Every structure is written in structure tokens, then in C-alpha cells.
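To start, the structure under review is shown below, and the notes come after it.
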């Protein structure tokens, strides 16, 4: 092809894309991420529902908490526990799980966390 034919072909292509072609934008990509998005939305909704339905467990004294933690440590058992407090939206803290690995004065090591025993609202061996 000569230079004039190339120039005309280029001009036709340019005119087509500038004047006639309608790009569908993000619509063309929806099939690629829709299933992942739905899965993430369902996961988020379940987590949100769990947070919103979390109730405050009955409060325990520091002595009762110490007894449960010591017994769990002695028997190498896993415990469930809930910390004191409430967030700005009125939700109670989640119930967490872990093995009691030790303590240092008023700090208990539960799982990989150091937890101030005075901040524990409730706990039980599971």
C-alpha cells in the first residue's frame, strides 16, 4: 500500500472511533468482577449482622475471671471472652477465643494477645 492509501485508511479509522463508535465503558467488565463482588457483599453482610446482633454477656467479677483463666491455663483449655465497652454505634465487643498462655500481674496472654484482666467483662472455658 502506498502512503496515500495508508493515510486514508488511518483517517477512516479515526473518524469511526471519534464519531460512530460508542464505548460501553465499565459495562464490558462487569462479568469479570460481578461474582467476586457478590461474594464480598454477602460476606460483609454476614459480618455486619453478627456485629449488630452481639449482646453483652453477663458481667463477672475480677475474682471469677481469674478463676476461669487459671483453670483454663491449668487444663490447657480454650476460652471465650468478651471485653468491656461499647462502640460509638452501640455495638458490644465480639466474643473472642484463645488459649490462655500465661499471665503477668493483671495482664493475661490469650492466644497472641495481651489482655488487661480488668477489661474482661465475661469469659468461659469451651
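Numbering (my numbering), first residue to last: 261 to 386.
Note that the Cβ used here is the ideal one computed from N, Cα and C, for glycine as well.
No experiment lies behind these values; they were computed from the predicted model shown.
Confirm, please, whether the CB-CB distance from residue j to residue i is below 8 Å.
i	j	result
residue 394	residue 360	As displayed, the chain neither begins before 261 nor continues past 386, which places residue 394 out of reach and without an answer.
residue 336	residue 377	no
residue 383	residue 329	yes
residue 351	residue 312	yes
Quick check on residue i: does DSSP put it in helix, strand or coil?
i	result
residue 333	helix
residue 310	helix
residue 364	strand
residue 299	helix
residue 379	helix
residue 348	coil
residue 325	helix
Considering residue i, what are the terminal residues of the beta strand (DSSP E) in which it resides?
i	result
residue 373	373–376
residue 342	338–343
If residue i sits next to residue j, beta carbons under 8 Å apart, how far is it from one beta carbon to the other, in whole angstroms?
i	j	result
residue 345	residue 354	Contact doesn't hold; Cβ gap of about 11 Å is too wide.
residue 380	residue 325	5 Å
Which first and last residues belong to the alpha helix (DSSP H) in which residue i is found?
i	result
residue 272	263–275
Checking the sheet assignment: what are the DSSP bridge partners for residue i?
i	result
residue 359	338
residue 384	340
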